[in-house]
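Residues in the sequence shown are numbered consecutively from 14, following the working numbering. Think of the CB as a built atom: it goes at the ideal place given N, C-alpha and C, for glycine as much as any other residue. Here the structure is a predicted model, which is why all the values come from computation and not from measurement. The block underneath contains the structure these notes are about, expressed in structure tokens.
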Amino acid sequence: MFRLVVLVALSFISSFVSSQQNRIDIIGDDAPALAQFGDYTIGVRTLEIVAENRIDIINTPRGGDTAYYDRKLMLEIWYPADLQGAEPGTQYQAVTRNPEITATLTGRAVRDAAPLRADGPYPLIIISHGYPGNRLLMSHTGENLASKGYVVVSIDHLESTYDDQQAFQSTLYNRPLDQRHVLSSMAYISSQPDRIFSNMIDADNTGIVGYSMGGYGLVNNLGGGYSEEIIDGFMAPPNRLLEEHATSNPDYRNNLDARIKAGFAVAPWGMNTGFWRAEDLAGIGVPTFYLAGDQDNVAGYEDGPRAIFENAVNSDRYLLTLHEAGHNAGAPIPLPIELDNEENEEFAGHYTDENWDSVVMNNIMDHYVTAWFDFHLKGVNREEYLSSVPANYEERLSLEHLTIGQ
Numbered sequence: 014m015f016r017l018v019v020l021v022a023l024s025f026i027s028s029f030v031s032s033q034q035n036r037i038d039i040i041g042d043d044a045p046a047l048a049q050f051g052d053y054t055i056g057v058r059t060l061e062i063v064a065e066n067r068i069d070i071i072n073t074p075r076g077g078d079t080a081y082y083d084r085k086l087m088l089e090i091w092y093p094a095d096l097q098g099a100e101p102g103t104q105y106q107a108v109t110r111n112p113e114i115t116a117t118l119t120g121r122a123v124r125d126a127a128p129l130r131a132d133g134p135y136p137l138i139i140i141s142h143g144y145p146g147n148r149l150l151m152s153h154t155g156e157n158l159a160s161k162g163y164v165v166v167s168i169d170h171l172e173s174t175y176d177d178q179q180a181f182q183s184t185l186y187n188r189p190l191d192q193r194h195v196l197s198s199m200a201y202i203s204s205q206p207d208r209i210f211s212n213m214i215d216a217d218n219t220g221i222v223g224y225s226m227g228g229y230g231l232v233n234n235l236g237g238g239y240s241e242e243i244i245d246g247f248m249a250p251p252n253r254l255l256e257e258h259a260t261s262n263p264d265y266r267n268n269l270d271a272r273i274k275a276g277f278a279v280a281p282w283g284m285n286t287g288f289w290r291a292e293d294l295a296g297i298g299v300p301t302f303y304l305a306g307d308q309d310n311v312a313g314y315e316d317g318p319r320a321i322f323e324n325a326v327n328s329d330r331y332l333l334t335l336h337e338a339g340h341n342a343g344a345p346i347p348l349p350i351e352l353d354n355e356e357n358e359e360f361a362g363h364y365t366d367e368n369w370d371s372v373v374m375n376n377i378m379d380h381y382v383t384a385w386f387d388f389h390l391k392g393v394n395r396e397e398y399l400s401s402v403p404a405n406y407e408e409r410l411s412l413e414h415l416t417i418g419q
């Protein structure tokens with residue numbers, strides 16, 4: 014009996030220590046000023062929405078009839094909350110890049126806490142992950158922004174998650190639509206008097222954070238229609254279905270949502286594979302902050318995010334470069350300890366960077382995300398932070414700004 018109790022106790026302690034080590038809310042001693050959490054306590058809820066009668070890319074054959082289905086999207090929603098005496102803190106069960114392993118993450122939010130309506134409605138932030146990814150990959154940003162007076166909605170993109178990674182063509186077609194559908198759904202929920210987020214969300218002031226394929230969808234939703242050449246490409250969805258999002262489609266711009274007031278694109282994918290030409294990117298008119306590593310071997314750099322930044326000539330835009338960083342610059346949470354072993358070395362690379370510490374990158378990203386959305390969605394003067402890099406990172410970061418017409 015004593016041995017059993019000891020083993021159970023040790024197992025509990027080990028589990029507790031492991032979960033504590035997977036914190037998503039760490040602010041380093043050298044973090045930039047706006048990386049610090051804000052004054053609001055945070056709630057978090059999980060919600061499923063459905064995009065009805067969406068084209069089913071997976072089951073639409075080339076040359077055949079178009080299939081349709083109801084597309085389910087699981088959302089993680091962080092928001093300013095009234096904890097009513099509860100202690101801050103929750104655990105998240107997060108499927109990892111090795112879908113057979115679920116990590117326990119620890120943050121500051123309280124599950125299902127009552128929304129704080131007193132200071133609302135709050136601007137809406139939508140977070141869109143890469144391929145594959147999930148709604149908790151950028152949970153550090155979700156909690157951080159919610160503490161500063163935003164409602165933050167992070168998407169599990171169907172057919173594009175760690176445990177549901179299906180044909181890439183689905184992601185190519187659905188990513189812009191998913192982002193817009195979440196915006197419309199949250200606006201509707203906020204407008205209903207009997208819903209939990211009633212009058213909580215100012216959807217007319219929406220920002221989107223898109224990482225990798227999330228950035229691919231974001232650039233399209235900002236006005237960067239896909240090139241005509243890519244529609245019939247070898248990786249494109251069947252039957253020219255991607256034309257819906259192309260510059261050549263006369264209805265494309267009518268489908269965009271003017272409630273998107275600012276974008277934050279992290280390592281956006283697609284430029285280095287021909288999804289945009291200069292004339293396509295000239296269609297972007299929404300202010301955009303680009304964050305990229307100059308050693309990115311997935312989205313590229315000179316032929317990737319930097320090229321998007323340079324060619325989006327009709328928008329006000331910034332480019333923050335993390336020197337010597339790769340594709341994981343800024344966005345992913347720190348490596349879950351459940352993957353920190355030899356057996357999962359390949360999967361671990363999904364979260365880590367060879368030259369940068371993950372917490373440092375998360376703090377830098379959340380600093381600039383805050384400055385960007387505070388300025389564009391709340392009208393707060395953040396020029397001090399958008400005109401320079403922190404002194405302790407001057408040799409590792411570069412920040413560039415181009416205005417409309419440049």
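Tell me where the beta strand (DSSP E) around residue i begins and ends.
| i | result |
| --- | --- |
| P136 | Y135 to S141 |
| A271 | Where A271 is concerned, there is no enclosing beta strand (DSSP E), given that its DSSP letter is neither H nor E. |
| Y420 | Because the chain here runs from 14 to 419, residue 420 falls outside it and cannot be looked at. |
| A305 | T301 to G306 |
| R193 | Careful: R193 lies outside any beta strand (DSSP E), inside the alpha helix (DSSP H) at F181 to S204. |
In the DSSP output, which residue or residues are listed as bridge partners for residue i?
| i | result |
| --- | --- |
| A280 | Looking at the DSSP assignment, A280 forms no beta bridge with any residue, so it has no partner. |
| I214 | Y135 |
| D169 | M87 |
| L415 | R330 |
| E61 | M87 |
| Y224 | V279 |
Assign residue i to one of two classes, buried (16 or more other C-beta atoms within 10 Å of its C-beta) or exposed (fewer than that).
| i | result |
| --- | --- |
| S160 | buried |
| S471 | Residue 471 lies beyond the stretch modelled for the chain, which goes from 14 to 419, so this question has no answer here. |
| A404 | exposed |
| I417 | exposed |
| F25 | Low local confidence applies: a pLDDT of 37 at F25 is under 50, so the model's placement there is unreliable, with the coordinate-based value given in what follows. Classification of F25: exposed, given that the 10 Å Cβ count is below 16. |
| M213 | buried |
| A64 | buried |
| R110 | buried |
| M248 | exposed |
| Y398 | buried |
| R319 | buried |
| A420 | A question about residue 420 goes unanswered here, because the residues of the chain that appear run from 14 up to 419. |
| T219 | buried |
| S400 | exposed |
| P206 | exposed |
| L23 | Caution applies to L23, whose pLDDT of 35 falls short of 50 and renders its modelled position unreliable; the value that the coordinates give is listed next. Under this definition L23 is an exposed residue. |
| E396 | exposed |
Quick check on this structure: which residue in the options has the alpha carbon closest to the alpha carbon of residue i?
| i | options | result |
| --- | --- | --- |
| G227 | V393, L333 and T184 | T184 |
| L150 | D43, T115 and L196 | T115 |
| I221 | D176, E396, F277 and S197 | F277 |
| I139 | I168, P145, P112 and N147 | I168 |
| P189 | H170, E408 and L96 | H170 |
| L335 | N234, Q104, S152 and I377 | I377 |
| D95 | V57, Q419, Y81 and I39 | V57 |
| H414 | H258, Y331 and R253 | Y331 |
| E337 | E408, I346 and L158 | E408 |
| T154 | R36, N354 and F322 | R36 |
| D366 | N357, N354 and Q308 | Q308 |
| N375 | Y105, P136, S152 and G98 | S152 |
Closer than 7 Å by C-beta to residue i: which residues in its own chain qualify, once you throw out the five before and the five after it? Chain order, please.
| i | result |
| --- | --- |
| R290 | S240 |
| S328 | I297, G298, V299, P300, T301 and I417 |
| L47 | H380, T383, A384 and Y398 |
| T103 | V57, G120, A122, V123 and R124 |
How far does the alpha helix (DSSP H) with residue i in it reach, from first residue to last?
| i | result |
| --- | --- |
| W289 | Taken as a continuous stretch (DSSP letters only), W289 belongs to no alpha helix (DSSP H), as it is neither H nor E. |
| E323 | P318 to N324 |
| A116 | No alpha helix (DSSP H) holds A116; the beta strand (DSSP E) holding it covers T115 to G120. |
| W385 | S371 to K391 |
| E396 | E396 to L399 |
In its own chain, which residues sit with a C-beta less than 6 Å from the C-beta of residue i, not counting the 5 before and 5 after it?
| i | result |
| --- | --- |
| V402 | L410 and L412 |
| S197 | none |
| D176 | V108 and P112 |
| G77 | none |
| D217 | R272 |
| G51 | S160 and K161 |
| F360 | R110, N111 and L352 |
| R193 | D270 |
| L231 | I221, G223, G276 and A278 |
| D316 | N285 |
| L158 | I138 and V165 |
Apart from the five residues just before and just after residue i, which ones in its own chain have a Cβ nearer than 8 Å to its Cβ?
| i | result |
| --- | --- |
| P101 | T54, I55, R121, A122 and V123 |
| P250 | I70, T73, Q182, S183, L185 and Y186 |
| S225 | H142, G143, Y144, G146, V279, A280, P281, W282, V311, A312, H340 and A344 |
| N262 | G238 and E256 |
| F210 | I90, Y92, P128, V164, M199, I202 and S203 |
| F15 | Note on F15: pLDDT 34, under 50, position unreliable in the model; the coordinate value appears next. Nothing meets the Cβ criterion. |
| A180 | I70, I71 and E172 |
| V195 | I62, L86, L88, I139, V166 and I168 |
| L254 | I68, I70, T73, T79 and Y186 |
Report yes if the C-beta of residue i is less than 7 Å from at least one heavy atom of the ligand MG; otherwise report no.
| i | result |
| --- | --- |
| N405 | With respect to the ligand MG, the structure shown offers nothing to examine, as it has no ligands at all. |
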